[in-house]
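Taken in order, these protein sequences are the chains called E and V.
Per our numbering, the first sequence starts with residue 1, numbered consecutively.
Per our numbering, the second sequence starts with residue 1, numbered consecutively.
Every residue, glycine too, gets a C-beta built ideally from N, C-alpha and C.
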Amino acid sequence: MQKLWMLAVLAVLCGNPVFTDDTLTVFTGANLYPIVSDPIEDGVLIIQGSTIVEIGSANSITIPPDARVIDVSGKVILPGLIDTHSHIGRGDGGDRSAPTHPDVRILDAIDAMSDSFMRARAGGITTVNVMPGSGHLMSGQTVYLKTRHARTIYDMLLCDDVNSDICGGLKMANGTNPIGNPPFPQTRARAAAIVRQLYIQAQEYRDKVKTANGNPEKMPSRNLQMETLIEVLDGKRIVHHHTHRHDDIMTVLRLADEFGFKVVLHHVSEGWKVAEEIAEANIPASIILVDSPGGKLEAVNLIYENGHDLEKAGVDVAFHTDDPITDSRLFLRQAAIGARSGMSKEKALEGLTLAGARMLGMEDRIGSLEKGKDADLVILSSDPFSVYTHIEQTWVDGKVVYDRADPEHYKYAVGGYQVYRTLHHHIHGGGQ
Amino acid sequence: MRIVSILLIVTLAAGLSLVHAQIAVRGDIVYTMNGDPIEDGVVLLNGKIIERVGPANEIAIPDNYTVYKGAVVTPGIIDARSVVGLAGMFNYDHDQDQLELSNPVQPELRAIDAYNPREELIDFLLGLGVTTLHTGHAPGALVSGQTMIVKTGGKYSEAVIDSSKMVVFTLGPRVTSNFSSPGTRSKSIAMLRSEFMKAQEYRQRQNNSDAGTKPARDIKLETLFHVLEGRLTALFSVHTATEIMATLRLADEFGFPFVLAGASEAYLVIDELKESNVPVIIHPTMIRTFGEAQNASFETASKLHDAGISVVFQSGYESYVPKTRVVHYEAAIAVANGLPFEQGLASVTIDSARLLGIDDRVGSLANGKDADVVIFSGDPFEYLTNVELVIVNGEVVKEK
Numbered sequence: 001m002q003k004l005w006m007l008a009v010l011a012v013l014c015g016n017p018v019f020t021d022d023t024l025t026v027f028t029g030a031n032l033y034p035i036v037s038d039p040i041e042d043g044v045l046i047i048q049g050s051t052i053v054e055i056g057s058a059n060s061i062t063i064p065p066d067a068r069v070i071d072v073s074g075k076v077i078l079p080g081l082i083d084t085h086s087h088i089g090r091g092d093g094g095d096r097s098a099p100t101h102p103d104v105r106i107l108d109a110i111d112a113m114s115d116s117f118m119r120a121r122a123g124g125i126t127t128v129n130v131m132p133g134s135g136h137l138m139s140g141q142t143v144y145l146k147t148r149h150a151r152t153i154y155d156m157l158l159c160d161d162v163n164s165d166i167c168g169g170l171k172m173a174n175g176t177n178p179i180g181n182p183p184f185p186q187t188r189a190r191a192a193a194i195v196r197q198l199y200i201q202a203q204e205y206r207d208k209v210k211t212a213n214g215n216p217e218k219m220p221s222r223n224l225q226m227e228t229l230i231e232v233l234d235g236k237r238i239v240h241h242h243t244h245r246h247d248d249i250m251t252v253l254r255l256a257d258e259f260g261f262k263v264v265l266h267h268v269s270e271g272w273k274v275a276e277e278i279a280e281a282n283i284p285a286s287i288i289l290v291d292s293p294g295g296k297l298e299a300v301n302l303i304y305e306n307g308h309d310l311e312k313a314g315v316d317v318a319f320h321t322d323d324p325i326t327d328s329r330l331f332l333r334q335a336a337i338g339a340r341s342g343m344s345k346e347k348a349l350e351g352l353t354l355a356g357a358r359m360l361g362m363e364d365r366i367g368s369l370e371k372g373k374d375a376d377l378v379i380l381s382s383d384p385f386s387v388y389t390h391i392e393q394t395w396v397d398g399k400v401v402y403d404r405a406d407p408e409h410y411k412y413a414v415g416g417y418q419v420y421r422t423l424h425h426h427i428h429g430g431g432q
Numbered sequence: 001m002r003i004v005s006i007l008l009i010v011t012l013a014a015g016l017s018l019v020h021a022q023i024a025v026r027g028d029i030v031y032t033m034n035g036d037p038i039e040d041g042v043v044l045l046n047g048k049i050i051e052r053v054g055p056a057n058e059i060a061i062p063d064n065y066t067v068y069k070g071a072v073v074t075p076g077i078i079d080a081r082s083v084v085g086l087a088g089m090f091n092y093d094h095d096q097d098q099l100e101l102s103n104p105v106q107p108e109l110r111a112i113d114a115y116n117p118r119e120e121l122i123d124f125l126l127g128l129g130v131t132t133l134h135t136g137h138a139p140g141a142l143v144s145g146q147t148m149i150v151k152t153g154g155k156y157s158e159a160v161i162d163s164s165k166m167v168v169f170t171l172g173p174r175v176t177s178n179f180s181s182p183g184t185r186s187k188s189i190a191m192l193r194s195e196f197m198k199a200q201e202y203r204q205r206q207n208n209s210d211a212g213t214k215p216a217r218d219i220k221l222e223t224l225f226h227v228l229e230g231r232l233t234a235l236f237s238v239h240t241a242t243e244i245m246a247t248l249r250l251a252d253e254f255g256f257p258f259v260l261a262g263a264s265e266a267y268l269v270i271d272e273l274k275e276s277n278v279p280v281i282i283h284p285t286m287i288r289t290f291g292e293a294q295n296a297s298f299e300t301a302s303k304l305h306d307a308g309i310s311v312v313f314q315s316g317y318e319s320y321v322p323k324t325r326v327v328h329y330e331a332a333i334a335v336a337n338g339l340p341f342e343q344g345l346a347s348v349t350i351d352s353a354r355l356l357g358i359d360d361r362v363g364s365l366a367n368g369k370d371a372d373v374v375i376f377s378g379d380p381f382e383y384l385t386n387v388e389l390v391i392v393n394g395e396v397v398k399e400k
């Protein structure tokens, strides 16, 4: 309290008003990309606390007299970027005791102070789906995090209660990564059979719960694996499914159809071969565009035009970094590569923002610059599609989490001696 | 007589194809890398060779020349350090010939004996405008083998520019994790010193006039001696400042010509690098910041350039996804982080050609040089720019 007093006195002395959480902050002069509508040149964006309260053109909005005005003339403001698939935070997932771990939560293993979050902030990422690896059919529950500065995982979560809320999705994988020695499947067909059997078990478990109708004597014993899978079957927990080859993609579509779960396809390297089928199934795709094909057999047919082909077929397309596969600091580059090879610029930017929000089931809260949404935004020096553009600031819930002008933040944008200390090498392959 | 007439027909056919290979490339801007860029420039190609370069208002394009137009024209891009062709895109055992682990010191391994000209990644890079590769054995052994310089397009019989250019040395954990010995950096240096001394001694004994005391030919020691006498350049794949300093010490002791590759901590020893006058083939700018490249910076190329150290780019070696990087995409990120644009472009063209000793043939658009030309839709470093046309040895090999 004494501190606040001091600040107030200091502020009066300096002639500056004291800004509280209720203060309106107004960004003026920028080119705003709301995503839900055309860019607004010389736009005005007003935030209060952690919420966007106004957005429009300069001539349509009156700036309140007591507001804090930030002149960002000539800059570009995007909604905070949403990375639908990342491995930052030094988390882990299921162990090698089984190929399926729906009970395992990555939120129990995240290092909230990891400098890899700084890489994401420097890349304009404000929300991230942190995933366990792809070496299992089900490697565990993912967690949706805001890149707020944090001491513990609780400072970053988008849910309230980790034991009763749904705080992330479920990571699944098929193709070669989860193949291994028993108890891991040795073939694709066995992989699908293991997954089907488990979901059928979950359906039966759910029937027992329904039949019990609240009667504790008839309730089956609590089973964390089954409880998680029921959330999936009920459409409350989204499956994030690693899949590359076209036939593996079709297997995911088949499973989703059989069990009726909500699924997002991830990587989808050969999505372009079955784009019509993906569109028909109304299943979204979170893709990654790396600089060359190959490196693993399933990615030899990855093409730069993947995003274009999926967009053309009518598939909802988002991007992800798969950090450290691609660097979170260069997330904007994903959209640019997509646009270079034929994606519309609108859909490419949507793929970094609102499309990702939809894939996490959070499109009501994040992903666009709209009144009532979270004040998550990125201030760019210029055109989002230019290699020469720098991310100047990243804001989460109305607070600056990255500022290129601050040397302590800048170092994370470029790297250097002992800047990044804690990155571990993420291994995708199974069997190890 | 019959042979003579066949020869005559072949010669005539060759002559005809020369006539058909007359091309004019016109660009809104032509980066010749040989003087200032030319606005509305023309490059005339006659057969496999560049015939003339200049402003459109000074060059009359002959009627029989095929004209290609575009926004930005550059020389073919040069990747100063790759493993593509030895390493293939599938990443299974039989397309991975870049590293032999049976012995930590194998300078005698020639790249050309493992290079697969039909590797799909080569054609992939060609489509992006990379027309010359300096490729060969990967980092990972103390001495892993040799490199070669090759064109990515045109006839393979004409593709090889230099079948043996450098010998690849590596220091650091990439070596020590692969072998029980050397298991440390200092053991690595001790072993290299010992091998070079053996090579010196071998050569002295070879020079003995007495045939009876001449040692049997040993292609391993012979290759090391070629390094010592500068016929082959030592390519030192190193990252930390400690490894860089050890390399400088070794080169100073034995006096061989060398270049550094990787060098992610080069910014810590700028004065020493400048003094040694060693060129640097910097790591891919987007290299993952873990392991020995943990301290990599987007700004290293810019800092080295500012200090007057010659720096060019490489796609390097990737063990996973993506299986190769694209050298001018790596340069682009350095240009976005302080390296001047012109220097970025020079690094992936004429400066790489000079470092590789092939600037008499490639790296710039000048009379008499190889007709390797790329048309870009815009700034070659910009994310949205596409390659529209690639010409190698006067032949259109990619057209969008």
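Using only the alpha-carbon positions, how far apart do residue i and residue j sit?
| i | j | result |
| --- | --- | --- |
| V/Arg361 | V/Phe90 | 32 Å |
| V/Ala293 | V/Leu355 | 23 Å |
| E/Glu227 | E/Arg333 | 39 Å |
| V/Thr240 | V/Gly183 | 17 Å |
| V/Val227 | V/Ser347 | 25 Å |
| V/Ser164 | V/Leu339 | 31 Å |
| V/Glu229 | V/Gly140 | 24 Å |
| E/Ala8 | E/Ala67 | Low confidence applies to E/Ala8: its pLDDT is 43, below 50, so where it sits in the model is not reliable, and the reading given next is rough at best. Rounded to whole angstroms, E/Ala8 to E/Ala67 spans 17 Å at the Cα level. |
| E/Val162 | E/Glu311 | 35 Å |
| E/Gly367 | E/Ala357 | 5 Å |
| V/Gly153 | V/Thr247 | 35 Å |
| V/Leu8 | V/Gly145 | Because V/Leu8 carries a pLDDT of 41, less than 50, the predicted location of this residue cannot be relied on, and the following value inherits that uncertainty. In a straight line, the C-alpha of V/Leu8 is about 42 Å away from that of V/Gly145. |
| E/Lys371 | E/Ser50 | 12 Å |
| V/Asp379 | V/Ala71 | 8 Å |
| V/Glu342 | V/Ala332 | 11 Å |
| V/Ile112 | V/Phe258 | 21 Å |
Taking 8 Å as the CB-CB cut-off, is residue i touching chain E?
| i | result |
| --- | --- |
| V/Ser209 | no |
| V/Glu299 | yes |
| V/Pro117 | no |
| V/Met286 | yes |
Any Cβ of chain V within less than 8 Å of the Cβ of residue i?
| i | result |
| --- | --- |
| E/Ala120 | no |
| E/Ser328 | no |
| E/Asp309 | no |
By DSSP's criteria, residue i is part of a beta bridge. Which residues make up the other side?
| i | result |
| --- | --- |
| E/His266 | E/His242 and E/Ser286 |
| E/Gly56 | E/Val44 |
| E/Met172 | E/Met138 and E/His241 |
| E/Tyr402 | E/Thr394 |
| E/Val162 | BP columns for E/Val162 are empty, so no partner. |
| V/Thr147 | V/Gly136 |
As a quick exercise: from the options, pick the residue whose alpha carbon is nearest that of residue i.
| i | options | result |
| --- | --- | --- |
| V/Val30 | V/Arg118, V/Ala21 and V/Leu44 | V/Leu44 |
| E/Ile325 | E/Asp291, E/Gly342 and E/Thr23 | E/Asp291 |
| E/Val317 | E/Lys296, E/Ile287 and E/Asp323 | E/Ile287 |
| E/Gly29 | E/Ala339, E/Ile70 and E/Ile238 | E/Ile70 |
| E/Tyr402 | E/Arg358, E/Leu32, E/His149 and E/Leu310 | E/His149 |
| V/Ile77 | V/Glu382, V/Tyr383 and V/Ser364 | V/Ser364 |
| E/Gln201 | E/Leu224, E/Ile52 and E/Leu81 | E/Leu224 |
| V/Asp218 | V/Ile149, V/Gln206 and V/Leu99 | V/Gln206 |
| V/Ser188 | V/Asp210, V/Phe236 and V/Val160 | V/Phe236 |
If you follow the beta strand (DSSP E) that residue i is in, where does it begin and where does it stop?
| i | result |
| --- | --- |
| V/Val160 | Val160 to Asp162 |
| V/Asp40 | Ile38 to Asn46 |
| E/Glu232 | For the record, residue 232 of chain E in the displayed sequence is Val; it is not Glu. Careful: E/Val232 lies outside any beta strand (DSSP E), inside the alpha helix (DSSP H) at Leu224 to Leu233. |
Could you check where the alpha helix (DSSP H) with residue i kicks off and where it finishes?
| i | result |
| --- | --- |
| E/Lys146 | Element bounds for E/Lys146: not the alpha helix (DSSP H) but the beta strand (DSSP E), Val143 to Lys146. |
| E/Lys347 | Lys345 to Glu350 |
| V/His226 | Ile219 to Leu228 |
| V/Phe196 | Arg185 to Gln206 |
Using a threshold of 7 Å, is the CB atom of residue i nearer than that to any non-hydrogen atom of the ligand GTP?
| i | result |
| --- | --- |
| V/Gly344 | This structure does not include the ligand GTP; it has no bound ligands of any sort. |
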